[in-house]
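Structure record follows, encoded as structure tokens.
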Amino acid sequence: MKKVFLLVVLLLAAASWWVWANSRSIIRTVSSRPVSHERWDALLKKYVGADGLVNYRDFLRDSAELNAYLHSLESAHPNDKSWTRAEQMAYWINAYNAYTVQLVLRHYPVRSIKDIRRGIAFVNSVWDLKFIRIQGYTYDLNNIEHNILRAVFRDARIHAAINCASYSCPPLRNEAYTSERLNTQLDEAMRRFINDPLRNRVHAQGAQLSRIFRWFSGDFERDAGSLRAYINRYAHTPLSPKAPIEYLPYDWSLNEAR
């Protein structure tokens with residue numbers, strides 16, 4: 014009798030797990046239509062300067078509007094059935110940037126986004142905080158960057174589009190990424206980043222590059238054959254074949270407009 018009871022319990026547990034797992038799968042794949050990024054676009058135009066620096070102090074007043082935009086993201090998970098590749102990619106880039114801003118605003122004022130992690134147990138870094146919930150799935154910023162944007166889309170231009178709220182990061186674009194203009198926007202972002210003398214110094218006889226090009230060298234080599242070839246794809250002044258490449262210190266201070 015005990016064996017029969019145990020078998021029934023195990024079968025019920027297995028059935029419950031199957032229903033739970035499949036319901037999560039359904040949630041993920043039946044989420045509907047792509048969302049509008051107009052709210053995020055308006056906020057970026059209002060609080061992000063042409064230099065990519067953010068007026069966090071005033072942005073706080075519009076936290077409700079930011080939260081409303083994030084709620085729209087949370088109600089629609091990208092999927093291959095009803096979203097194009099460009100729609101999915103634009104969604105995740107905007108999500109990364111918008112959730113990063115929200116994280117800063119929740120803890121503002123801070124000198125660096127890295128300060129947010131202090132006092133939070135069992136978390137390696139601020140990018141490992143599980144605070145993003147989209148249709149039953151929980152993500153951290155690292156999940157979005159490494160497990161989705163880098164792993165799924167495999168486009169090194171992503172590194173110029175996402176912003177980690179730090180001074181040495183590529184500037185936060187003061188408009189939302191959209192599927193209609195995504196390719197142009199990504200090209201513009203990478204070209205701007207590589208030719209920005211505050212973050213990269215490229216000359217024919219040598220270059221001092223952002224450490225992003227060191228940390229993610231494999232992504233750039235994959236897309237262009239070599240890091241040098243990738244830089245020359247966008248640089249106003251191409252690097253000569255044997256020009257030395259060095260890497261600049263990374264400034265993690267908050268990308269705040271002063």
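So for the sequence shown, our numbering puts the first residue at 14; every next one is plus one. Every residue gets a Cβ at the ideal spot worked out from N, C-alpha and C, and that includes glycine. From a predicted model like this one, the values you see are computed outputs, not experimental measurements.
Give the DSSP bridge partners of residue i, in chain order.
i: Glu269; result: Val67
i: Glu259; result: Gln221
i: Val215; result: Ala220
i: Ser179; result: Leu267
i: Val61; result: Val67
Please confirm whether residue i and residue j have their CB atoms less than 7 Å apart.
i: Asp264; j: Ser181; result: yes
i: Ala242; j: Phe206; result: no
i: Leu195; j: Ala103; result: yes
i: Ile258; j: Ala220; result: yes
i: Arg146; j: Ser138; result: no
i: Ala189; j: His90; result: no
i: Gly65; j: Pro210; result: no
i: Arg204; j: Tyr150; result: no
i: Pro47; j: Trp105; result: no
i: Lys58; j: Asn176; result: no
i: Leu240; j: Ser230; result: yes
i: His11; j: Asn208; result: The chain is shown from 14 up to 271; residue 11 falls before or after that span and cannot be answered.
Which residues mark the beginning and the end of the beta strand (DSSP E) in which residue i is found?
i: Ile126; result: First-last for Ile126: undefined, no H or E at that position.
i: Thr151; result: 150 to 152
i: Arg146; result: 145 to 147
Of the residues the options, which one's Cα is nearest the Cα of residue i?
i: Arg224; options: Tyr260, Gln101, Leu199; result: Tyr260
i: Glu193; options: Asp75, Glu100, Tyr82, Gly65; result: Glu100
i: Val245; options: Ala270, Glu269, Arg214, Asp153; result: The sequence shown places Asn at residue 245, rather than the Val named in the question. Answer by Cα proximity: Arg214.
i: Trp53; options: Glu234, Asp64, Ala63, Ser85; result: Ser85
i: Arg271; options: His159, Ala63, Asn68, His120; result: Asn68
i: Arg167; options: His120, Asn107, Arg98; result: Arg98
i: Asn107; options: Gln198, Lys143, Ala63, Tyr121; result: Gln198
i: Arg212; options: Lys143, Glu201, Phe226; result: Phe226
i: Ser45; options: Glu234, Asp128, Lys94; result: Lys94
i: Leu267; options: Asp128, Gly62, His159, Ala77; result: Asp128
i: Ala77; options: Asn92, Arg119, Ala63; result: Arg119
i: Gln148; options: Glu269, Asn92, Leu142; result: Asn92
i: Pro262; options: Glu234, Trp228, Asp236; result: Trp228
i: Arg235; options: Leu222, Leu79, Ala164; result: Ala164
Just reading off the alpha helix (DSSP H) that residue i is part of, what are its end residues?
i: Val117; result: 98 to 120
i: His84; result: 76 to 87
i: His172; result: 171 to 174
i: Arg241; result: 240 to 247
i: Thr250; result: Taken as a continuous stretch (DSSP letters only), Thr250 belongs to no alpha helix (DSSP H), as it is neither H nor E.
i: Ser95; result: That residue, Ser95, is in no alpha helix (DSSP H); it is neither H nor E in DSSP.
i: Phe229; result: Taken as a continuous stretch (DSSP letters only), Phe229 belongs to no alpha helix (DSSP H), as it is neither H nor E.
i: Asp141; result: Counting along the chain, Asp141 falls outside any alpha helix (DSSP H), and DSSP gives it neither H nor E.
i: Leu195; result: 195 to 207
For residue i and residue j, which I take to be in contact (beta-carbon distance under 8 Å), what is that distance rounded to the nearest angstrom?
i: Ile126; j: Ser88; result: Not confirmed; about 26 Å, so no contact.
i: Val117; j: Val123; result: 7 Å
i: Asn169; j: Ala217; result: Checking the displayed sequence, the identity of residue 169 turns out to be Ala instead of Asn. About 23 Å; that fails the 8 Å criterion.
i: Trp140; j: Leu162; result: So it is not a contact: roughly 13 Å between Cβ atoms.
i: Tyr82; j: Ile157; result: Contact doesn't hold; Cβ gap of about 16 Å is too wide.
i: Asp75; j: Leu56; result: 6 Å
i: Leu73; j: Tyr121; result: 6 Å
Does at least one heavy atom of the ligand SAH sit under 6 Å from the Cβ of residue i?
i: Ser230; result: Questions concerning the ligand SAH fall outside what the structure shown contains, since it holds no ligand whatsoever.
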